[in-house]
Amino acid sequence: MKKKERMKIYTLLLGILFVSPIQAQTMHDWENHHVLQINREPARAAFIPFSVRKGDCSMSLDGTWKFRWTPVPNERILDFYQVNFDDKDWTDFPVPANWEVNGYGTPIYVSAGYPFKIDPPRVMGEPKTDYTTYKERNPVGQYRRTFVLPTGWEVNGQTFLRFEGVMSAFYVWINGERVGYSQGSMEPSEFNVTKYLK
Numbered sequence: 001m002k003k004k005e006r007m008k009i010y011t012l013l014l015g016i017l018f019v020s021p022i023q024a025q026t027m028h029d030w031e032n033h034h035v036l037q038i039n040r041e042p043a044r045a046a047f048i049p050f051s052v053r054k055g056d057c058s059m060s061l062d063g064t065w066k067f068r069w070t071p072v073p074n075e076r077i078l079d080f081y082q083v084n085f086d087d088k089d090w091t092d093f094p095v096p097a098n099w100e101v102n103g104y105g106t107p108i109y110v111s112a113g114y115p116f117k118i119d120p121p122r123v124m125g126e127p128k129t130d131y132t133t134y135k136e137r138n139p140v141g142q143y144r145r146t147f148v149l150p151t152g153w154e155v156n157g158q159t160f161l162r163f164e165g166v167m168s169a170f171y172v173w174i175n176g177e178r179v180g181y182s183q184g185s186m187e188p189s190e191f192n193v194t195k196y197l198k
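If you read the sequence shown in our numbering, its first letter stands for residue 1, the second for the next number, and so on.
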């Protein structure tokens, strides 16, 4: 059965870790050391063994995405992943890109120590007031992008979405449905999104 090749991707990314939209759970995924992924495909090498992508069933999503940044998780928009959500007032933001280089958040380099209060497994503890990012304890970036897949796209009946470098945890929604979660600083993450296509 052929699915319509239209897909909307909604991702929530953040600088330190990400907050789950399911507030009723006792421990957030991003604070649970047993949860490093949900529905993420096993890690693998992802090489393209030819110099031209002609005929290849791959598509770059680099470019302009709708973007909203908040310094703390409780200021994020909870239902931003809904298909009919109005993002017209959001910023047009380049992907790939770094938030701080583009004017969101405070640039910080930590070669020793931690960019948050040490209170495992929590990352939202209140640091000292003179801390560089005191008011940005766990920034959240929300991204939205709509695109159409080419006719005949599905290879072997499956379509995958691959992220090459997210800092450091994120959830993915497609067409209003939660696909999965991944965490790990700048590690590739891949999700089978076949059943979410419409």
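Don't be surprised by glycine CBs; every beta carbon is placed ideally from N, CA and C. Since the model is a prediction, treat every value here as computed from it, not as a measurement.
Between the Cα of residue i and those of the options, spot the shortest distance and give me the residue it belongs to.
i	options	result
Lys66	Lys135, Ala45 and Thr91	Thr91
Asn192	Val179, Arg145, Pro96 and Trp153	Val179
Val140	Glu177, Thr159, Arg76 and His28	Arg76
Thr132	Asn84, Pro73, Tyr109 and Asn175	Tyr109
Pro71	Glu100, Lys128, Phe160 and Leu61	Glu100
Gln142	Ala169, Ile118 and Lys117	Ala169
Met27	Lys117, Pro121, Pro96 and Asp79	Pro121
Gly176	Thr146, Glu164 and Gly165	Thr146
Arg144	Ile174, Pro73, Asn98 and Gln37	Ile174
Met59	Leu161, Met186 and Met167	Leu161
Gly105	Asn74, Tyr134 and Val166	Tyr134
Met186	Ala97, Val83, His34 and Gln82	Ala97
Roughly how many angstroms separate the alpha carbons of residue i and residue j, rounded to a whole number?
i	j	result
Pro188	Glu126	31 Å
Val123	Glu31	7 Å
Ala45	Glu190	11 Å
Gly184	Gly152	33 Å
Thr64	Gly103	16 Å
Leu197	Phe85	18 Å
Ser182	Tyr171	7 Å
Glu136	Cys57	40 Å
Arg40	Asp130	38 Å
Asp62	Lys88	20 Å
Asn138	Phe80	18 Å
Leu149	Pro94	20 Å
Thr194	Lys128	46 Å
Ile118	Asp29	18 Å
His33	Trp69	26 Å
Taking the beta strand (DSSP E) that residue i belongs to, which residues open and close that run?
i	result
Ser182	Glu177 to Gln183
Phe191	Ser189 to Asn192
Arg162	Phe160 to Phe163
Tyr171	Ala169 to Ile174
Val35	That residue, Val35, is in no beta strand (DSSP E); it is neither H nor E in DSSP.
Gly141	Val140 to Val148
Lys66	Gly63 to Thr70
Return helix, strand or coil for residue i, following the three-state DSSP convention.
i	result
Asp92	strand
Lys198	coil
Asp119	strand
Cys57	coil
Of all the CB atoms in chain D, is at least one closer than 8 Å to the CB of residue i?
i	result
Thr194	Looking at the structure shown, chain D is missing, and only one protein chain is on hand.
With hydrogens ignored, establish whether the beta-carbon of residue i is closer than 7 Å to any heavy atom of the ligand GDP.
i	result
Gly165	For the ligand GDP, the structure offers nothing, since it holds no ligand at all.
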